[in-house]
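Input: a single structure, listed below in structure tokens.
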Amino acid sequence: MDSGDGKTAVTVHPAIEGLSYLLGTWKGVGEGGFPTISAFTYGEQLTFTHPGNKPVIAYSQKTWKISSGEPMHSESGFWRPKPDGTIEVVIAQSTGLVEVQKGTYDAEKKEVKLVSELVGNASKVKEITRVFTLIDDELSYVVEMATNLTSRQPHLKASLKKL
Ligand code: HEM
């Protein structure tokens, strides 16, 4: 794999082999809602890259209004899978909220399940869960959240294809 600087050929670190199917750029559409807000749709692009030989996948996401292309939420972070099937993910959101997620991944089922261990700098959000599943060539995810007023409910679901 090319490291991006055009000079050094790097290999996929063994710790991320089970998630190497994620590497690349994914694009698709999502739907959002929550008991306290109106339903909405959005366009989305996710990029997973493997910076060098480190046991980490860099993650970045951007979303936009389908009607106008106007930017919506964006976030980025790092996915840190361990060989024992556990994973830790850190994410910084454009709203200022930060997450430390812990969970598991199944390389055979191509499923990643995350539950927030820490949600920081958030006025309302208490807990966030994220589940990513690859079925055939379609990457889908569901994000649920709990707020100070509402128990855990779905906020987002999306379906993306690799570019
Ligand atoms: C884990 C990621 C996210 C978290 C924790 C989050 C959190 C929230 C919260 C706390 C609210 C307010 C709910 C209320 O007032 O009761 C909200 C509303 C909303 N979110 Fe998210 N959000 C996330 C991702 C996204 C994404 C990816 C989009 C769009 C692509 C999005 C679009 C919206 C919209 C349109 C609203 C309603 C309007 C508004 O209050 O701004 N959110 N979100």
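Under the working numbering, think of the first position of the sequence shown as 232, with each following residue one higher.
Every residue gets a Cβ at the ideal spot worked out from N, C-alpha and C, and that includes glycine.
Nothing here was measured: the structure is a model prediction, and the numbers come from that model.
Give the single residue among the options whose Cα lies nearest to the Cα of residue i.
{"i": "Glu339", "options": "Leu365, Gly259, Leu328, Ala353", "result": "Leu365"}
{"i": "Glu380", "options": "Ala289, Thr267, Pro302, His244", "result": "For the record, residue 380 in the displayed sequence is Leu; it is not Glu. Nearest of Ala289, Thr267, Pro302, His244 to Leu380, Cα basis: Thr267."}
{"i": "Asp368", "options": "Pro245, Leu253, Ile247", "result": "Leu253"}
{"i": "Glu248", "options": "Ile318, Phe271, Val362", "result": "Ile318"}
{"i": "Glu301", "options": "Gly283, Glu275, Val287", "result": "Glu275"}
{"i": "Val362", "options": "Glu348, His386, Lys344", "result": "Lys344"}
{"i": "Gly308", "options": "Ser299, Asp315, Ser325, Ser298", "result": "Ser325"}
{"i": "Glu348", "options": "Ser354, Tyr372, Val321", "result": "Val321"}
{"i": "Lys341", "options": "Val243, Gly255, Leu250", "result": "Leu250"}
{"i": "Trp316", "options": "Ser299, Ser305, Tyr336", "result": "Checking the sequence, you will find Gly at residue 316 rather than Trp. The option with the nearest alpha carbon to Gly316 is Tyr336."}
{"i": "Ser305", "options": "Ser291, Lys333, Ile297", "result": "Ser291"}
Apart from the five residues on each side of it in sequence, which residues of its chain come closer than 6 Å, Cβ to Cβ, to residue i?
{"i": "Asp233", "result": "Confidence is the limiting factor: at Asp233 the pLDDT is only 46, short of 50, which leaves the residue's position unreliable and the question unanswerable from this model."}
{"i": "Thr280", "result": "Ala289"}
{"i": "Tyr273", "result": "Gly261, Thr294, Met303"}
{"i": "Trp257", "result": "Leu277, Leu370, Leu391, Lys393"}
{"i": "Lys333", "result": "Glu319, Glu348"}
Considering only residues of the same chain and omitting the five flanking positions on each side of residue i, which have a CB-CB separation below 8 Å?
{"i": "Arg383", "result": "Glu358, Thr360, Glu375, Met376, Ala377"}
{"i": "Leu387", "result": "Gly261, Glu262, Gly263, Tyr372, Val373, Val374"}
{"i": "Ala270", "result": "Glu262, Gly263, Gly264"}
{"i": "Gly255", "result": "Thr278, Phe279, Lys393, Leu394"}
{"i": "Gly385", "result": "Note that residue 385 is Pro in the sequence shown here, rather than Gly. Closer than 8 Å at Cβ, skipping near neighbours: Gly264, Phe265, Val373, Val374, Glu375."}
{"i": "Ile297", "result": "Val260, Thr272, Tyr273, Gly274"}
Keeping to the same chain, check which residues put their C-beta closer than 7 Å to that of residue i; ignore five residues upstream and five downstream.
{"i": "Lys313", "result": "Ala246"}
{"i": "Val350", "result": "Leu328, Glu330, Val356, Lys357, Glu358, Ile359"}
{"i": "Asn352", "result": "Gly327, Leu328, Val329"}
{"i": "Ser286", "result": "Here residue 286 turns out to be Pro, not Ser, going by the sequence shown. Excluding residues within five positions, the ones whose Cβ falls inside 7 Å are His244, Ala246, Ile247, Arg311."}
{"i": "Ala389", "result": "Gly259, Val260, Gly261, Glu275, Ser371, Tyr372"}
{"i": "Ala323", "result": "Glu306, Ser307, Gly308, Val329"}
With respect to 8 Å, is the separation between the Cβ of residue i and the closest non-hydrogen atom of the ligand NAP below this value?
{"i": "Arg361", "result": "As far as ligands go, the structure on display features the ligand HEM and does not contain the ligand NAP."}
Exercise for the section: Let me know the beta strand (DSSP E) ranges lying completely inside the stretch 274-302, each 3 residues or longer, listed in chain order. Expected result: Every unbroken stretch of the beta strand (DSSP E) spanning 3 or more residues and falling wholly within the stretch 274-302 is given here in chain order: 288-295.
Practice task
Identify every run of the beta strand (DSSP E) within the stretch 334-370, keeping only runs that are complete inside it and at least 3 residues long; order them along the chain.
Solution key: Listed in chain order, the complete beta strand (DSSP E) runs (minimum 3 residues) inside the stretch 334-370 are 342-351, 356-366.
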